[in-house]
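Residue numbers (our numbering): 57 to 783.
We put the CB at the ideal spot given by N, CA and C, even for glycine.
Here is the structure we will look at.
So, in structure tokens, the structure goes:
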């Protein structure tokens with residue numbers, strides 16, 4: 057089969073700017089026949105299993121057996137695996153059980169619902185049978201986002217779970233020292249409870265060939281993970297399987313809070329009476345370091361929102377100060393060691409300065425070299441359903457299409473997905489923008505959203521609904537949706553609506569046929585800039601060199617600030633957009649952000665019933681305003697879905713806005729109390745005025761209110777002075 061180049065998104069035009077023409081009288085106009093625009097394309101090169109591993113007759117036979125078991129498990133669950141799911145299972149089995157041809161990381165990009173959890177279960181069944189029969193000692197490490205998912209894998213393995221060990225971090229339930237309520241670095245090493253589960257697991261885990269661990273633990277230990285956990289009593293764990301994307305970036309935001317926290321750690325460290333002079337000296341060194349960091353920010357504060365700081369330092373500062381490091385290693389030891397390394401980098405090399413509202417910091421730029429980190433493993437496979445669209449993999453992807461040379465650290469496994477998504481219906485409410493800033497400025501928005509969802513239920517919008525929003529809004533939205541009916545219909549996490557970043561690995565929504573995406577899961581623009589820079593360290597080092605020149609630093613730094621760039625000067629011509637175009641100064645940074653948004657949404661929508669490839673009934677998704685390009689990208693990735701744009705303002709939003717006004721007209725609240733309980737039968741206007749406790753003039757004022765007026769449009773007037781609900 058070989059190599060396959062996938063054209064995922066083709067020739068999407070956006071950010072159009074028109075030639076600005078000038079008339080003889082000086083007036084200007086935009087020439088619609090002469091324009092410039094940006095064009096978005098996305099390609100990824102993928103490989104079949106026989107390009108990545110050596111496929112022998114024996115491997116073919118084993119992969120077929122695993123695949124057959126995969127199909128049977130689907131049948132046992134009352135489902136039928138599709139041809140593409142069967143192909144995925146067979147290719148994945150070859151990848152995990154075969155011998156890699158190159159030292160690369162394999163990315164398995166099968167989307168949610170393809171059966172990633174099932175194939176991992178079948179592979180572990182096969183491996184445990186080999187252990188049972190004494191035919192293999194090759195161990196496996198499996199990384200997952202949630203402990204619950206890892207526990208489920210153990211449960212599904214049944215009797216063969218005896219070959220697995222679940223590595224847990226500290227938590228209050230298992231800790232034997234009941235005086236401890238929060239985790240602190242290094243505290244388990246000092247623990248005097250020798251039989252504590254957390255403390256014992258370092259030795260206990262060596263008895264089992266299969267180690268289950270959270271991705272958080274993988275991230276915390278980094279390169280040290282291999283040396284700590286790769287070996288077990290009877291062999292080595294040579295295979296690493298990671299569910300979902302691992303930690304890609306190695307950056308730290310260095311701000312006043314971090315500097316003060318380290319200062320506190322130095323003050324609280326354990327010193328003997330005869331070591332007070334050393335404490336004083338260590339504190340003095342740290343004060344000098346903090347002042348150096350502060351000196352980098354002071355001249356930029358209030359002048360720049362973004363600035364690339366470039367240093368060239370050959371004096372013994374921070375970690376190059378032998379005396380300081382001697383004291384640090386003696387008293388602070390490994391605490392804040394990573395942060396210290398990043399502070400050292402800022403002082404000796406440079407960093408990315410950010411000043412935004414109440415936020416000020418210098419960020420380091422760094423990308424985890426996963427191939428180097430995990431080089432001790434014979435194979436590393438990452439399962440990530442949105443990997444083909446996720447821009448965070450760009451730091452590992454280096455394919456030259458013209459020369460057909462692939463110098464990437466990764467290989468995407470080819471998984472065909474001919475699904476049309478013709479049962480997916482997306483409604484976009486383009487009149488309403490739901491950003492964090494909008495929620496902050498418009499206190500009525502949670503009420504508007506909750507009423508919008510409730511009204512969908514009221515008009516027959518039944519079935520389970522997946523509601524996901526920003527973390528800051530999850531609690532209040534849950535409270536507003538907190539009727540018994542909605543509690544049954546809307547799955548929640550810890551009694552709250554799901555929020556962005558808190559849905560990874562969860563299958564709680566897999567029966568939902570409706571989804572409300574309340575906002576968009578996107579990052580602040582400065583975090584996009586930091587991630588973009590981190591994906592190309594060679595480029596970053598070149599930028600640091602250029603930015604030693606102050607004028608170049610000012611020019612380049614402006615590229616990484618998102619602002620209105622609707623006007624382009626090209627020679628003696630001016631091109632202007634019809635509307636504001638907030639973007640970075642480099643198209644590739646903007647496209648990094650758009651892919652970040654789309655890949656996250658792609659994951660979220662596949663957590664619904666959409667993950668069931670046998671389900672052909674309609675699935676409805678409700679979205680809110682964002683950049684039009686995003687809608688086009690979604691259409692490209694979900695080809696035959698139906699996208700409908702609702703351009704009018706939703707009545708729930710106007711009503712919620714009116715409800716929060718202090719000077720509401722008399723009778724407003726009583727009107728909606730009556731209306732929400734009205735059965736639609738005929739009522740005289742005189743009776744309605746009595747219920748609302750208003751006179752004729754107050755009633756006239758009341759029905760002029762925009763929200764009330766829109767509600768009255770639903771009424772029938774059988775004769776003057778009478779109202780009934782339109783049938």
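Residue environment, residue i, which counts as buried when at least 16 other CB atoms sit within 10 Å
| i | result |
| --- | --- |
| residue 77 | exposed |
| residue 378 | exposed |
| residue 85 | exposed |
| residue 61 | exposed |
| residue 58 | exposed |
| residue 220 | buried |
| residue 18 | Residue numbering for the chain in the displayed model covers 57 to 783; residue 18 lies beyond these limits and cannot be assessed. |
| residue 69 | exposed |
| residue 79 | exposed |
| residue 366 | buried |
| residue 154 | buried |
| residue 123 | buried |
| residue 254 | buried |
Option nearest residue i by Cα separation, candidates the options
| i | options | result |
| --- | --- | --- |
| residue 441 | 206, 491, 693, 687 | 693 |
| residue 663 | 162, 154, 171 | 171 |
| residue 641 | 654, 621, 685 | 621 |
| residue 129 | 145, 117, 116, 114 | 145 |
| residue 51 | 660, 612, 87, 698 | No answer is possible for residue 51: it lies beyond the span of the chain, which begins at 57 and ends at 783. |
| residue 726 | 594, 758, 683 | 758 |
| residue 626 | 66, 284, 74 | 74 |
| residue 655 | 301, 137, 281 | 301 |
| residue 484 | 434, 528, 575 | 575 |
| residue 100 | 672, 109, 445, 477 | 445 |
| residue 347 | 712, 316, 742, 651 | 316 |
| residue 502 | 438, 114, 535, 449 | 535 |
| residue 103 | 112, 151, 138 | 151 |
| residue 538 | 730, 522, 506 | 506 |
| residue 132 | 649, 690, 174 | 174 |
Nearest-angstrom Cα separation, counted from residue j out to residue i
| i | j | result |
| --- | --- | --- |
| residue 326 | residue 387 | 7 Å |
| residue 706 | residue 487 | 8 Å |
| residue 787 | residue 140 | Any answer about residue 787 is impossible in this case: the structure gives the chain only from 57 up to 783. |
| residue 632 | residue 81 | 20 Å |
| residue 520 | residue 548 | 11 Å |
| residue 719 | residue 748 | Any reading at residue 719 must be qualified, since the residue scores a pLDDT of 47, below 50, and its modelled position is unreliable; no value is offered. |
| residue 204 | residue 299 | 13 Å |
| residue 531 | residue 231 | 29 Å |
| residue 72 | residue 92 | 6 Å |
| residue 328 | residue 344 | 24 Å |
| residue 482 | residue 403 | 49 Å |
| residue 584 | residue 565 | 29 Å |
| residue 597 | residue 421 | 10 Å |
| residue 209 | residue 177 | 7 Å |
| residue 95 | residue 685 | 10 Å |
| residue 479 | residue 673 | 6 Å |
| residue 754 | residue 715 | 18 Å |
| residue 524 | residue 657 | 11 Å |
| residue 289 | residue 322 | 40 Å |
| residue 528 | residue 108 | 44 Å |
| residue 257 | residue 698 | 52 Å |
| residue 143 | residue 435 | 21 Å |
| residue 500 | residue 712 | 6 Å |
Any non-hydrogen atom of the ligand SAH within 7 Å of residue i CB
| i | result |
| --- | --- |
| residue 613 | The model on display carries no ligand, and the ligand SAH is accordingly not part of it. |
Is the number of C-beta pairs between the region 192 to 207 and the region 260 to 269 that are closer than 8 Å three or more? yes
Using a Cβ distance threshold of 8 Å, determine whether the region 180 to 193 contacts the region 210 to 226, with at least three qualifying pairs required. yes
Go through the region 634 to 690 residue by residue and report every complete run of the beta strand (DSSP E) that reaches 3 residues or more, in order. 675 to 680
Whole runs of the alpha helix (DSSP H) within the region 443 to 468, excluding any shorter than 4 residues: none
List in chain order: all unbroken beta strand (DSSP E) runs of 3+ residues lying wholly within the region 200 to 227. 220 to 222
Complete runs of the alpha helix (DSSP H) confined to the region 686 to 758 [at least 4 residues]: 707 to 715, 724 to 733, 741 to 748
If we require 4 or more residues per run, which alpha helix (DSSP H) segments fall completely within the region 472 to 498? 492 to 497
Could you name each continuous beta strand (DSSP E) segment of 3 residues or more that falls completely within the region 530 to 603, going from the start of the chain to the end? 570 to 573
Counting only runs that start and end within the region 247 to 275, where is the alpha helix (DSSP H) found for 4 or more residues in a row? 253 to 260
So does the region 348 to 363 actually touch the region 295 to 306, counting three or more Cβ pairs closer than 8 Å? no
Is the region 452 to 467 close to the region 152 to 161, with three or more CB pairs under 8 Å? yes
The region 329 to 341 touching the region 397 to 405, judged by at least three CB pairs closer than 8 Å: no
Can you list the beta strand (DSSP E) stretches of 3 or more residues lying completely in the region 353 to 386, in chain order? 362 to 366
Using 8 Å as the cut-off, can you tell me whether the region 578 to 597 makes contact with the region 673 to 680, which would need three or more C-beta pairs spanning the two stretches below that distance? no
Uninterrupted beta strand (DSSP E) stretches inside the region 412 to 439 (no shorter than 3 residues): 415 to 419, 435 to 439
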